[in-house]
Amino acid sequence: MTQFASSNDSADPGRVVSAGVMLFLLIHLVCQRLVPIDFNVYWQGGSDVLRRTGALYAPRPALPFTYPPFAGLVFAPEALLRPTSSAVLMELLSCVATAYLASRVIDLAPRRFAHIRNSHPWCFLVLGTALMCGLNPVWETLAKGQINLILAAVCLFALTTDRRFTGGVLVGLCGGIKLTPLALGLVALRQRDWRFILGMGCGFAGSIAAGLLLLPVESRLYWGRLAWDPARTGEVSFAANTSLNAVIRRLAQMISPASDGSGTATTIAWGAAVTITVIAGFLALPRDRARPTASLGVGAAVMLLISPVSWNHHWVWIPFIAMWASTVIRSRAIRWLLGILTLPIVTVGPLLICRAFGADAHDPQSLVVWWVSSTIPLAVFAILLSDAVRAVRERALPPSPSVPDSYPPRSDLKGFVCPSEPARGAGRAVMA
0 MTQFASSNDS ADPGRVVSAG VMLFLLIHLV CQRLVPIDFN VYWQGGSDVL
50 RRTGALYAPR PALPFTYPPF AGLVFAPEAL LRPTSSAVLM ELLSCVATAY
100 LASRVIDLAP RRFAHIRNSH PWCFLVLGTA LMCGLNPVWE TLAKGQINLI
150 LAAVCLFALT TDRRFTGGVL VGLCGGIKLT PLALGLVALR QRDWRFILGM
200 GCGFAGSIAA GLLLLPVESR LYWGRLAWDP ARTGEVSFAA NTSLNAVIRR
250 LAQMISPASD GSGTATTIAW GAAVTITVIA GFLALPRDRA RPTASLGVGA
300 AVMLLISPVS WNHHWVWIPF IAMWASTVIR SRAIRWLLGI LTLPIVTVGP
350 LLICRAFGAD AHDPQSLVVW WVSSTIPLAV FAILLSDAVR AVRERALPPS
400 PSVPDSYPPR SDLKGFVCPS EPARGAGRAV MA
């Protein structure tokens, strides 16, 4: 498997913030900015918390507030500002988060790019940030005022920091805002990182406790009913939903057009798919922190596949998933095929493609809808199964006498590190 080296220069805080501010200014020079519709949901939810209206989960004319009560508490300070000012602040933070994610992608670049990257870190960071904005999940998150980029940046920092308990707390708090980051605990579980898991439990429990203490009525409503209803976030079989749950729903609707895709058989099928995904992810994950590409790619893939609803703008982790997938797929023909099928989806987006082809994004019978909504989750699912099978086979083989197949755990690991190379001595840090 391809080894990756790292340069801490690309993740320099000053450079990351500067690149994020440059992106923010460029967006405001090129685009006419309004209050994004998704951000308006955050602002209105925070306003309801501040004014104690009790209407946090009440029906709304546009989009409902679908997040845990703790998210309302987090968004409350935004409501102290006018919606336009608060939206600008959110966008600035999202731009900085984009630059940070780009810096970490650069850190995982193959070693053949190491010399150029290390000699021109600023140029690589600006270029990487610009390329990130060409991805549909990123530009759609920025356009809608979503919080996905910020949460991804916090979770990525949490997974790579050497302060494991603190990292776990951060992921737990992110799970209190959106539940999906909790699936990243599978990475720590596989690596037996008990401090991270403990911190994660404390962070998530703290978010629930804060909600129960400050928003008791809303907490009982959310955790008692709303949290278990995937349809609360929108139509599950909509083309923009790229989770396994959506694929199964669309298949059920194709088989029985008169139904809405829900039912006992669909629920059982989705439960089986989730179980297989989690087991495959657990097997595919490395047992130590010496392979950051696999850890981040597999962890993000499992998180997005098992979520009941994974809108296309949730896939801001796609660069890490793609880098991991490139280490699993050995066939050049398959790489080209997947690239041709998925590149339009990850750049243009499923909804714009449906519009271009005149397809109804709500029609599960449409081949265009199936292409744009099911190709990526099914491909990632297949790659995950392949990686899990490969991992099981490799562990069943006897160790090679010349090249060690595993490396002893180290107690002083900071972030992710590459394993030591027998011919070169100590390994290199990948992510500090």
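Those letters in the sequence shown? Residues 0 to 431, by numbering that gives the first Met the number 0.
In this text, a Cβ means the ideal position worked out from N, Cα and C, and glycines have one as well.
Remember, it's a predicted structure, so these values are computed and weren't measured experimentally.
- C-alpha of Arg163 to C-alpha of Arg354: approximately 45 Å in a straight line.
- Positions of the alpha helix (DSSP H) runs, each at least 4 residues long and wholly inside the segment 212-288, are given as 215-223, 243-254, 263-283 in order along the chain.
- By the criterion of a C-beta distance shorter than 8 Å, Ile26 is surrounded in its chain by Arg32, Glu90, Cys94, Leu141, once the five residues flanking it on both sides are discounted.
- Trp314 sits away from Thr292, with the two beta carbons spaced by 9 Å or more.
- Counting only runs of at least 4 residues, the segment 75-155 fully encloses the following alpha helix (DSSP H) elements, listed from N- to C-terminal order: 82-106, 113-118, 120-132, 135-143.
- Distance from the Cα of Ala358 is smallest, within the candidate group Ser261, Ala239, Arg191, for Ala239.
- Residue range 36-50 is occupied by the alpha helix (DSSP H) that includes Asn39.
- Nearest to Arg191 by C-alpha distance, out of Ala251, Arg288, Val368, is Arg288.
- Using a 10 angstroms sphere on the CB of Thr128, the tally of other CB atoms reaches 16 or more, which defines it as buried.
- By the criterion of a C-beta distance shorter than 8 Å, Asp37 is surrounded in its chain by Leu62, Lys143, Gly144, Gln145, once the five residues flanking it on both sides are discounted.
- Cβ contact annotation for Ala279 (same chain, cutoff 6 Å, sequence separation greater than five): Leu383, Leu384, Ala387, in chain order.
- Beta-bridge analysis with DSSP links Trp314 to no other residue.
- For Gly338, the uninterrupted alpha helix (DSSP H) run begins and ends at 331-346, by DSSP.
- C-alpha of Glu77 to C-alpha of Ser373: approximately 36 Å in a straight line.
- Note on geometry: alpha-carbon atoms of Val216 and Leu126 lie some 48 Å from one another.
- For the pair of segments examined, the segment 338-355 was found to touch the segment 365-379: the number of CB pairs separated by less than 8 Å reaches three.
- By the CB criterion at 9 Å, Gly71 and Gly270 fall outside the cutoff.
- The residues Thr65, Val308, in chain order, have a CB closer than 7 Å to that of Thr232 in the same chain once the five nearest residues on each side in sequence are set aside.
- Thr265 places its beta carbon less than 9 Å from that of Ala251.
- Less than 9 Å separates the beta-carbon of Gly298 from that of Ala182.
- The residues Gly210, Leu214, Glu217, Ser218, Tyr221, in chain order, have a CB closer than 6 Å to that of Pro68 in the same chain once the five nearest residues on each side in sequence are set aside.
- Here Thr65 carries a coil assignment [DSSP, helix/strand/coil].
- Shown here for Asp362: same chain residues with a beta carbon closer than 7 Å to its own, the five before and five after excluded, namely Val368 in chain order.
- Just so you know, the alpha carbons of Arg334 and Ser236 end up roughly 28 Å apart.
- Separation of Cys30 and Glu234 (C-alpha to C-alpha, rounded to the nearest whole angstrom) is 30 Å.
- In the DSSP assignment, Arg162 falls outside any alpha helix (DSSP H), carrying neither H nor E.
- The beta carbon of Val301 sits closer than 7 Å to those of Ala182, Leu185, Thr276, Val277, Gly280, all from its chain and outside the five residues before and after it, given in chain order.
- In the DSSP annotation of this structure, Val308 is not part of any alpha helix (DSSP H), being labelled neither H nor E.
- Using a 10 angstroms sphere on the CB of Ala204, the tally of other CB atoms stays under 16, which defines it as exposed.
- In the DSSP assignment, His27 falls within the unbroken alpha helix (DSSP H) covering 12-29.
- Shown here, Ile328 sits in coil according to DSSP, grouped into three states, outside any helix or strand.
- Shown here for Leu188: same chain residues with a beta carbon closer than 8 Å to its own, the five before and five after excluded, namely Ile196, Phe281 in chain order.
- DSSP, reduced to helix, strand and coil, places Leu178 outside both helices and strands of the structure shown, so it counts as coil.
- Straight-line measurement puts the Cα of Asn117 at about 24 Å from the Cα of Ala157.
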